[in-house]
Amino acid sequence: MQIHENIPVVSTGRFITRLCAAVILIFAVTGILFAANREAELPVLVEAEGFADTGGWVIDPQFMDLMGSPYLLAHGLGVPVNDATTEVTLPKAGRYQIWVRTKDWVAQWRAPGIPGRFQVIINGMPLETTFGTVGAQWHWQDGGKIDLPKGKLRLALHDLTGFEGRCDAV
């Protein structure tokens, strides 16, 4: 049966069968690829307020209504505070993408300078990125990729200014 001489008519049942088969195939291929990479991409979330030793950083609940949890604040009145430190256990060795939830607290006023700068240090090595330098809103700042071993490592937040560095999570 044809509606127009060059357009064949496909029955509804046949169309639905083909559509379902295509969807199942897409899900199967996606599932196989996801399962193959799932272990390598396990996220490791470290809430800053859960650090074992907050050092000179303080737990600040100021934005709990926006974020759902407090964050660490480096309030040293212009003198860098002691590092906040903790241990993290990684499930496997590999290349990890580091993200830090932070904000540049003076960006909303377009104020000169970046007073809330800090570093993330992993096993004694600071990441290349300086955090708290961009974004007027809380966001995940890209810290780059780093090769890390399986097991325990030491994570530290290192204040660079003593003036309101803010970290919610790594």
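So for the sequence shown, the numbering used here puts the first residue at 2; every next one is plus one. Where a beta carbon is used, it is the ideal one built from N, C-alpha and C, also for glycine.
Beta-bridge annotation (DSSP): Leu128 is not paired with any residue. Contact annotation: Trp58 and Leu73 have beta-carbon atoms nearer than 7 Å.
Counting C-beta pairs closer than 8 Å gives three or more between the region 126-136 and the region 97-114, which meets the contact rule. Membership of Leu73 in the beta strand (DSSP E) is indicated by the continuous run Tyr72 to His76. Excluding residues up to 5 positions away in sequence, Glu50, Ile60, Asp61, Pro62 and Met65 lie with their Cβ nearer than 7 Å to the Cβ of Pro71 in the same chain. With respect to Asn124, Leu154 sits close: the two C-beta atoms are nearer than 7 Å. The secondary-structure analysis by DSSP pairs Val59 across a beta bridge with Leu74.
Gly95 sits in a strand when the DSSP states are folded into three classes. With a contact defined as Cβ atoms closer than 8 Å, Ile147 and Leu128 qualify at about 7 Å. Put simply, the backbone Cα of Lys93 is about 18 Å away from that of Gly145. Boundaries of the beta strand (DSSP E) around Asp148: His140 to Leu149. CA-to-CA, the gap between Ala75 and Gly95 works out to about 31 Å. A check of alpha carbon separations from His140 across Leu67, Pro44, Asp54 and Thr55 identifies Leu67 as the nearest. Residue burial is scored here from C-beta neighbours: Gln138 has fewer than 16 other C-beta atoms within 10 angstroms and is therefore classed as exposed.
Ala112 sits exposed, since fewer than 16 C-beta atoms from the chains shown fall within 10 Å of its C-beta. Between Thr162 and Pro44 the beta-carbon gap is near 29 Å, outside 8 Å, which marks them as no contact. Between the alpha carbons of Arg167 and Asp54 lies a gap of roughly 16 Å.
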